[in-house]
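Quick note, the sequence shown lines up with residues 311 to 558 if you use our numbering. Every residue, glycine too, gets a C-beta built ideally from N, C-alpha and C. Since we're looking at a predicted model, the values are computed, not measured. Take a look at the structure set out below.
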Amino acid sequence: MRLEGVVKRYGARTVLDGLSLEIARGERVALIGASGSGKTTLLRLLAGLAWPDAGRVLALGRDTSRLGGAALRATRRDLGLLLQSENLVPGLRVAHNVLMGRLGHWSALRALVSLVVPQELERARDALARVELADRLWALPGELSGGQQQRVAIARLLVQQPAVWLADEPTASLDVRLGNEVLDLLVATARERAATLVASLHALELIDDARFDRVIALRDGRVAWQGRPRELVAQRELVAATFARGEH
């Protein structure tokens with residue numbers, strides 16, 4: 311994954327300002343920064359859901375801004391996105407929500423059939439067993455706790471089988487215990503599959519060398535600092551400045 315001089319604006323506001331960085335295949339990266347620093351925008355660019363106003367975004371070696379149709383669909387199939395919340399469709403059973411991870415692999419007809427007769431149901435069963443929710447296959451999202459809903463979203467990534475996992479503050483709506491459990495599960499499953507993981511996080515205590523290879527701090531749409539998690543201890547002033555600022 312590589313960004314080259316990326317600029318992204320929303321109206322008059324510049325969210326990313328000439329951002330350049332590279333993430334190696336299989337690397338696990340934590341993104342930190344204040345609200346409005348560009349973390350979510352960066353993840354959306356990497357996921358192929360937004361395009362830069364200037365510069366290039368290379369996802370798996372492909373310039374996403376130049377892709378369309380089948381090529382863009384194939385690239386997005388290799389890019390998994392986990393949101394802070396609202397990962398699941400409320401009116402669909404857990405089985406159907408998990409199998410949405412297969413949409414990029416199926417034809418439109420098979421996707422429609424799966425809403426009536428779930429296709430590849432064993433994949434969903436296996437993924438839910440991996441996240442310790444095998445008994446909730448036919449539950450509705452509203453019957454699950456916040457932590458369980460995030461586990462279902464991770465199960466969906468497991469059946470999608472992306473090469474890159476992108477997580478936008480996946481623990482923000484959870485308490486400390488559940489947040490640690492969900493993050494451990496996310497890191498472990500990404501590691502098992504040799505997948506690249508990029509996760510934005512709001513709590514520094516969640517970041518350590520066991521979970522992440524590198525930390526990237528964003529400020530004013532640029533990289534303010536990057537290094538090993540253990541090196542954050544010596545960056546108190548930078549960390550304070552990074553998180554002290556609000557929307558900008």
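{"Query": "Whole angstroms is fine: what's the gap from residue 443's alpha carbon to residue 463's?", "Result": "11 Å"}
{"Query": "Measuring alpha carbon to alpha carbon, tell me which of 516, 501 and 498 ends up nearest residue 487.", "Result": "516"}
{"Query": "Alpha helix (DSSP H) containing residue 330: first to last residue?", "Result": "Premise fails: residue 330 lies in the beta strand (DSSP E), 323-332, not in any alpha helix (DSSP H)."}
{"Query": "Rounded to a whole number of angstroms, what is the C-alpha to C-alpha distance between residue 529 and residue 368?", "Result": "22 Å"}
{"Query": "For residue 545, report the span of its beta strand (DSSP E) as first-last.", "Result": "Element bounds for residue 545: n/a, residue is neither H nor E."}
{"Query": "Is it the case that the segment 530-539 contacts the segment 329-336, given that we only count it when at least three CB pairs across the two stretches are under 8 Å?", "Result": "yes"}
{"Query": "Residue 474 by DSSP, collapsed to three states: which one?", "Result": "strand"}
{"Query": "Tell me which same chain residues have a C-beta within less than 7 Å of the C-beta of residue 482, skipping the five on either side of it?", "Result": "394 and 512"}
{"Query": "Kindly give me the distance between the Cβ atoms of residue 505 and residue 469, rounded to whole angstroms, as I take these residues to be in contact under 8 Å.", "Result": "Incorrect: roughly 13 Å between the Cβ atoms, too far for contact."}
{"Query": "What are the partner residues of residue 506, as DSSP defines its beta bridges?", "Result": "474"}
{"Query": "Hey, is the segment 337-346 in contact with the segment 366-385, meaning 3+ C-beta pairs nearer than 8 Å?", "Result": "no"}
{"Query": "Residue 407: which of 425, 492, 514 and 390 sits nearest, CA to CA?", "Result": "425"}
{"Query": "On the CB-based measure, 16 or more other CB atoms within 10 Å of its CB, does residue 399 come out buried or exposed?", "Result": "exposed"}
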